[in-house]
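Mapped onto the numbering used here, the consecutive letters of the sequence shown carry residue numbers 345 to 489.
For every residue, glycine included, the Cβ atom is placed at its ideal position computed from N, Cα and C.
Owing to the predicted nature of the structure, the values given are computational and were not obtained by experimental measurement.
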Amino acid sequence: FAIGLMIAIGIGLHNLGEGLAIGAAIGLGQVALSTFLIVGFALHNTTEGIAIASPIAKTKSPIFKIIILGLIAGAPTILGTWIGGFFYSPYTAIIFLSMGAGAIFQVMLIILKWLYQSEQKLVQTSIVSGVGVGMLIMYITSILV
């Protein structure tokens, strides 16, 4: 349980920055950007749940402990969104959006490091199709909003 808790705390701190970016985008009135961030972070956060659950998957942890881990990881996103949206100024928007960009950049570096260490090539059908589907989702989101 301790490993899952430490992962949840780390993800929670990471998600606070994501929430700040969403709130800053809402504060700026950028509906398309905020929608893009919400959809992107929601897709990204589903994989973080796997990282939290993996260390405790074979244990018989009570459901309330699993819920607590989810709240530790996810609630900072909501808190960050409130802070980013309610404490809006041009300066805080720059800081909060930069934190969100940093969170995105951090994930990109982790994925690239993993790809490099696993000796997989970047030009694989699964990777190219994943990037293509991601771009398609971004394009559709920009049309709808």
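List the whole-angstrom C-beta distance separating residue i from residue j, where the pair is believed to meet the contact cut-off of C-beta under 8 Å.
i, j, result
"Pro399", "Leu360", "No, Pro399 and Leu360 are not in contact; Cβ-Cβ is about 22 Å, not under 8 Å."
"Ile410", "Ala352", "Not a contact, Cβ separation roughly 10 Å."
Roughly how many whole angstroms lie between the Cα atoms of residue i and residue j?
i, j, result
"Thr403", "Ile454", "28 Å"
"Gly348", "Gly393", "10 Å"
"Tyr460", "Ala445", "22 Å"
"Gln450", "Phe440", "15 Å"
"Tyr432", "Thr425", "11 Å"
"Leu505", "Thr391", "As displayed, the chain neither begins before 345 nor continues past 489, which places residue 505 out of reach and without an answer."
"Ala369", "Glu362", "11 Å"
"Leu381", "Tyr435", "20 Å"
"Leu364", "Ile448", "13 Å"
"Ser378", "Trp458", "29 Å"
field: alpha helix (DSSP H) runs contained entirely in the segment 405-481, provided each spans 4 or more residues
entry: 407-430 and 434-461
- prompt: If we count Cβ pairs, one from each stretch, closer than 8 Å, do we get three or more for the segment 468-475 versus the segment 377-385?
  reply: no
message: Assess contact between the segment 350-360 and the segment 412-430, defined as three or more Cβ pairs (one per stretch) separated by less than 8 Å. Is contact present?
response: Between the segment 350-360 and the segment 412-430 there are three or more C-beta pairs closer than 8 Å, enough to call the two in contact.
task: Only counting runs of 4 or more residues, tell me where the alpha helix (DSSP H) segments fall wholly within the segment 371-407, in order along the chain.
output: 375-397
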